[in-house]
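Only one structure is covered here, and it is reproduced in the block below.
Residue numbers (the working numbering): 6 to 325.
Structure follows, in structure tokens:
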């Protein structure tokens, strides 16, 4: 009987690994631009990252036997749910199935969905494309013409950060709104991240569905295996970074954020108090530190190489 149980566990783990391996390989090939080099670019469907991560979530939950009773068509509808294919969020399977079971005409959902789509379009078209990409760019060029290097550099970094937020959160609003039109309430992806008072708070507010995915399927397993918070949190943030693009820039960006989260954890536990006795930390100071840390970290992925990124950081720190 024990041998039978052991074989079942091994078989379950083998199936889990196999079901995860294919989407992971496809994502790696795509994110590392190897698919384009092989001439297979047109064969890679849109939204690969999102439904690959949804499938991995589904595979893990099947292995843990936590999912609601469902059919194969439920799985297919979840995987290829139109509003979340291109830009996410990475919604959970059980939430999707519950909404499907209770599916009915809901005037409140429909009205709220139209409202969210409108908000998303304003973020993308008006704020992102017009105010930030055009008008702020003109201000940056004007600052350069007046030989105000620091101001122009700061505004350029701010432009990249703000545009990333308004574009991505705008598309997420549209996805949430479209889902509501279909009668599904999916997870929110952003919750005013630039109001965060520390780096952990920021990652509870920015790309929420991906952050939770990394916490559940990277941080907790690594924590259970290594018993090291540092290894677990850096592993989570590295995966989160490489999800955007497999390159040394995003690898470094993930490591930097992982270290920052770990250091914040040490500060919360009082392990850095002897070094920071004179620092009066409050919400305003915390918010300013967090915003500027995030903005500076974005320089690592904004620039094509590390040398250019370091030159920009030097300007902002008045070293150059």
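All C-beta atoms in this analysis are idealised placements derived from N, C-alpha and C, irrespective of residue type, glycine included.
Identify the continuous alpha helix (DSSP H) that holds residue 212 and give its terminal residues.
Taking the first residue of the chain shown as 1, we reach residue 212 at position 207. Segment: none, residue 212 is in no alpha helix (DSSP H) and carries neither H nor E.
Using a Cβ-Cβ cutoff of less than 7 Å, which residues in the same chain neighbour residue 218 once the five nearest sequence positions on both sides are dropped?
Working through the chain shown from its first residue, we reach residue 218 at position 213. So the qualifying residues of the chain are 58, 62 and 95.
Given a cut-off of 8 Å on the beta-carbon distance, is the pair residue 145 and residue 135 in contact?
Residue 145 sits at position 140 when you count from the first residue of the chain shown. Residue 135 sits at position 130 when you count from the first residue of the chain shown. Their beta carbons are not under 8 Å apart, which means residue 145 does not touch residue 135 by this criterion.
Of all the alpha helix (DSSP H) runs that stay within the bounds of the region 102–171, which reach a length of 4 or more residues?
Runs of the alpha helix (DSSP H) inside the region 102–171: 112–126 and 142–150.
Any chance you could list the alpha helix (DSSP H) runs of at least 4 consecutive residues sitting entirely within the region 202–272, in chain order?
The qualifying runs are 204–208, 213–219, 225–231 and 234–249.
Measuring alpha carbon to alpha carbon, tell me which residue in 131, 253 and 236 is nearest residue 268.
Counting from one through the chain shown, the residue named residue 268 turns up at place 263. Among 131, 253 and 236, the Cα nearest to that of residue 268 belongs to 236.
Closer than 6 Å by C-beta to residue 244: which residues in its own chain qualify, once you throw out the five before and the five after it? Chain order, please.
Reading the chain shown from its first residue, position 239 is the one you call residue 244. Cβ neighbours of residue 244 beyond the five flanking positions: 219 and 223.
With distances taken between CB atoms, is the gap from residue 299 to residue 207 smaller than 8 Å?
Position 294 of the chain shown, counting from 1, holds the residue named residue 299. Position 202 of the chain shown, counting from 1, holds the residue named residue 207. For residue 299 and residue 207, yes; Cβs fall inside 8 Å.
Within 10 angstroms of its Cβ, does residue 253 collect 16 or more other Cβ (buried), or is it exposed?
In the chain shown, the residue the question calls residue 253 occupies position 248. Exposed is the call here.
Using CA atoms only, rank isn't needed, just tell me which of 157, 203 and 259 is closest to residue 288.
To locate residue 288, count along the chain shown from 1; it is residue 283. Ranking 157, 203 and 259 by Cα distance to residue 288 puts 203 first.
Note the first and the last residue of the continuous alpha helix (DSSP H) segment covering residue 291.
Residue mapping note: residue 291 aligns to position 286 of the chain shown, counting from 1. Residues 288–307.
Using only the alpha-carbon positions, how far apart do residue 166 and residue 293 sit?
By one-based count along the chain shown, residue 166 stands at place 161. By one-based count along the chain shown, residue 293 stands at place 288. Whole-angstrom Cα-Cα distance: 14 Å.
Is the beta carbon of residue 266 closer than 8 Å to that of residue 242?
The residue given as residue 242 occupies position 237 in the chain shown. The residue given as residue 266 occupies position 261 in the chain shown. Going by C-beta atoms, residue 242 is nearer than 8 Å to residue 266.
Pop quiz: residue 90 and residue 125 are said to be a contact at Cβ under 8 Å. What is the actual Cβ separation, rounded to whole angstroms?
For the purposes of this step, residue 90 is taken as residue 85 along the chain shown, with counting starting at 1. For the purposes of this step, residue 125 is taken as residue 120 along the chain shown, with counting starting at 1. No, residue 90 and residue 125 are not in contact; Cβ-Cβ is about 16 Å, not under 8 Å.
Rounding to the nearest angstrom, what Cα-Cα distance links residue 274 and residue 122 in this structure?
The count along the chain shown starts at 1 and reaches residue 274 at position 269. The count along the chain shown starts at 1 and reaches residue 122 at position 117. If you take the alpha carbons of residue 274 and residue 122, they lie about 42 Å apart.
Give a yes or no on whether the C-beta atoms belonging to residue 88 and residue 150 are separated by under 8 Å.
Residue 88 sits at position 83 when you count from the first residue of the chain shown. Residue 150 sits at position 145 when you count from the first residue of the chain shown. Against a cut-off of 8 Å, the Cβ pair of residue 150 and residue 88 comes out as no contact.
Hey, residue 261 and residue 305: beta-carbon distance below 8 Å or not?
Mapped onto the chain shown, residue 261 falls at position 256. Mapped onto the chain shown, residue 305 falls at position 300. Result yes, Cβ atoms of residue 261 and residue 305 sit closer than 8 Å.
Do you know whose CA, among 248, 255 and 263, lies nearest residue 33's CA?
Within the chain shown, the letter at position 28 stands for residue 33. Out of 248, 255 and 263, 248 has the C-alpha closest to the C-alpha of residue 33.
May I have the straight-line CA-CA distance separating residue 159 from residue 230, to the nearest angstrom?
Start at 1 with the first residue of the chain shown, and residue 159 comes out as number 154. Start at 1 with the first residue of the chain shown, and residue 230 comes out as number 225. Their Cα atoms are separated by approximately 42 Å.
Could you pull the start and end residues of the alpha helix (DSSP H) that residue 193 belongs to?
What you label residue 193 is simply residue 188 of the chain shown in a count that begins at 1. Counting along the chain, residue 193 falls outside any alpha helix (DSSP H), and DSSP gives it neither H nor E.
Do residue 73 and residue 104 have their CB atoms nearer than 8 Å?
Taking the chain shown and counting its residues from 1, one reaches residue 73 at position 68. Taking the chain shown and counting its residues from 1, one reaches residue 104 at position 99. No, the Cβ-Cβ distance between residue 73 and residue 104 is not below 8 Å.
Cutting at 8 Å between CB atoms, please list the residues of its own chain near residue 195, excluding the five before and the five after it.
Taking the first residue of the chain shown as 1, we reach residue 195 at position 190. Closer than 8 Å at Cβ, skipping near neighbours: 170, 173, 174, 177, 210, 211, 212 and 213.
State buried or exposed for residue 77, treating a residue as buried only when at least 16 other CB atoms are found within 10 Å of its CB.
Counting from 1 along the chain shown, the entry for residue 77 is found at position 72. With fewer than 16 other Cβ atoms within 10 Å, it is exposed.
Between the Cα of residue 307 and the Cα atoms of 117, 141, 181 and 164, which residue gives the shortest distance?
Along the chain shown, read from residue 1 onward, the residue named residue 307 stands at position 302. Nearest option by C-alpha distance: 164.
Is residue 83 near residue 65, with beta carbons less than 8 Å apart?
Taking the chain shown and counting its residues from 1, the one referred to as residue 83 is at position 78. Taking the chain shown and counting its residues from 1, the one referred to as residue 65 is at position 60. Taking 8 Å as the Cβ cut-off, residue 83 and residue 65 do not qualify as a contacting pair.
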